[in-house]
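Here is the structure we will look at, set down as structure tokens.
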Amino acid sequence: MIPIPSGVRVWLATGHTDMHRGFDGLALLVQERLSRDPHSGHLFVFRGRRGDLIKVLWWDGQGLCLFAKRLERGRFLWPSPADGAVTITPAQLGYLLEGIDWRMPQKTWHPSAAG
371 MIPIPSGVRV WLATGHTDMH RGFDGLALLV QERLSRDPHS GHLFVFRGRR GDLIKVLWWD
431 GQGLCLFAKR LERGRFLWPS PADGAVTITP AQLGYLLEGI DWRMPQKTWH PSAAG
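Everything in the sequence shown is counted per the working numbering, starting at 371 for the first residue and increasing by one.
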């Protein structure tokens with residue numbers, strides 16, 4: 371897992387992205403599509419057309435880091451382009467990376483009513 375410092379925001383690039391892009395191509399998308407600074411220290415997440423691959427671009431203070439994850443089964447749930455720039459919490463990013471619906475994760479334990 372990426373060590374996310376406190377105060378860092380996680381931005382999702384809505385729609386799909388050409389996954390052939392590397393550091394420079396994704397940094398340009400951050401500037402053009404998200405109107406953000408790729409060197410801000412925030413995390414920028416991109417999803418490919420098929421939905422089984424994501425890339426995360428992050429400036430760690432020394433240089434750009436590029437992380438990728440491909441699901442062997444399933445797809446990453448993603449907002450539509452109509453949603454505009456979407457920011458999620460680091461906890462939601464953790465769900466996303468596990469292939470869990472980050473929009474409404476379900477608790478597996480529910481307290482029983484006191485009788």
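Using N, Cα and C, we set each Cβ at its ideal position, and we do this for glycine too.
The three-state reading of DSSP puts Phe393 in helix, counting H, G and I together.
Looking at the backbone, the Cα of Trp428 and that of Trp448 are separated by about 19 angstroms. Cβ-Cβ distances below 6 angstroms link Gly385 to Pro451 in the same chain, with the five nearest sequence neighbours on each side left out; the list follows chain order. Judged by DSSP in its simplified three-state form, Ala438 adopts strand. A distance below 7 angstroms separates the beta carbons of Gly469 and Leu441. Partner residues in a beta bridge of Thr384, as assigned by DSSP, do not exist.
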